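Since the structure comes first, as structure tokens, the remarks are kept for the end.
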Amino acid sequence: MTKQIITLSDNAAKRIKEIMSSADGNSVGVRVGVKSGGCAGMSYVMEYTKEVNPNDEMIEEKGVKVFIDPSAVMYLLGTEMDYKKEEFSSSFVFKNPNETERCGCGESFKI
784 MTKQIITLSD
794 NAAKRIKEIM
804 SSADGNSVGV
814 RVGVKSGGCA
824 GMSYVMEYTK
834 EVNPNDEMIE
844 EKGVKVFIDP
854 SAVMYLLGTE
864 MDYKKEEFSS
874 SFVFKNPNET
884 ERCGCGESFK
894 I
């Protein structure tokens, strides 16, 4: 059995379910990708998926669908997606074993 590109914590799956319940009816899941930018060079991107791209990798886990942009697969292998809620903020957190550096604010990374 091959390992999934991304695994979801219980908190991440729960939050994605909440987000999807308030999304418009055309969304089929969320898409995760990586883009150039930020002080360390790369940052994570999440958006609603309205249609399935045949090149996307799909993870279906804990009752949610997460689509992985094909250009991001090599950067995300082995990553755990979590959701943290603190007193003044909440966000998805990516625990990526491929990261070699992360900026001070935590918004970007380097591989």
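Take the sequence shown: its letter number 30 is residue 813 in the working numbering, and every next letter is one higher.
We put the CB at the ideal spot given by N, CA and C, even for glycine.
Since the model is a prediction, treat every value here as computed from it, not as a measurement.
By the neighbour-count definition (other C-beta atoms within 10 Å, threshold 16), ASN836 is an exposed residue. Between GLY816 and ASP852, the alpha-carbon positions lie close to 5 angstroms from each other.
Distance from the Cα of ASN881 is smallest, within the candidate group SER872, SER873, LEU860, ASN838, for LEU860. Distance between LYS833 and LEU791, taken at the CA atoms: about 21 angstroms.
The Cβ atoms of ILE799 and VAL811 do not sit closer than 8 angstroms to each other.
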